[in-house]
Amino acid sequence: GAIGFWVVSWLWGAVCSLPHTLGVDCSHRPKIGVGFLAAAALCAFGLYWEVAADWQKWCFKADPANRGLFCNVGLWAWSQHPNYFGNLCLWTGIFLLNAGPLA
644 GAIGFWVVSW LWGAVCSLPH TLGVDCSHRP KIGVGFLAAA ALCAFGLYWE VAADWQKWCF
704 KADPANRGLF CNVGLWAWSQ HPNYFGNLCL WTGIFLLNAG PLA
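Just so you know, the sequence shown maps onto residues 644 to 746 in the working numbering.
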């Protein structure tokens, strides 16, 4: 149930932060290149997608005419959980940003 979701979410966050945690003291710092820019773009895209999905759902729920209805506008018309997709992209981008120093 819900507890499983939060445990998996915590584990994903812990796994994604491991390269940063382990690489903080690493003397090898790769130069900014295509990989870094792609990871940063994925991170920014994920943040935008998650915020946009949450904003669209908030606006939908704020309208009294939509009371009791499932949000099916904007990103929600494409997926039942677009905010989770954005969160996954955000954390994957963070993981990729931090993985470079450990390579």
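Even glycine gets a Cβ: it sits at the ideal position worked out from N, Cα and C.
| Query | Result |
| --- | --- |
| Which residue comes first and which comes last in the alpha helix (DSSP H) that contains residue 677? | 677-705 |
| So, residue 693 versus residue 741, is the Cβ gap smaller than 8 Å? | no |
| Return yes when the Cβ of residue 688 is within less than 8 Å of the Cβ of residue 732, no when it is not. | yes |
| Quick check: what's the CA-CA separation for residue 651 versus residue 675? | 31 Å |
| Who are the near neighbours of residue 736 in its chain, counting only those whose CB is closer than 8 Å to its CB and skipping five residues on each side? | 682, 683, 684, 685, 686, 687, 688 and 689 |
| The alpha helix (DSSP H) spanning residue 736 covers which residue range? | 725-742 |
| Using a Cβ-based criterion (distance less than 7 Å to any ligand heavy atom), does residue 732 qualify as near the ligand GTP? | As presented, the structure is devoid of all ligands, the ligand GTP included, so that no description of it is given. |
| Taking the beta carbon of residue 696 as the centre, do at least 16 other beta carbons fall within 10 Å, making it buried, or is it exposed? | buried |
| For residue 722, does the three-state DSSP call read helix, strand or coil? | coil |
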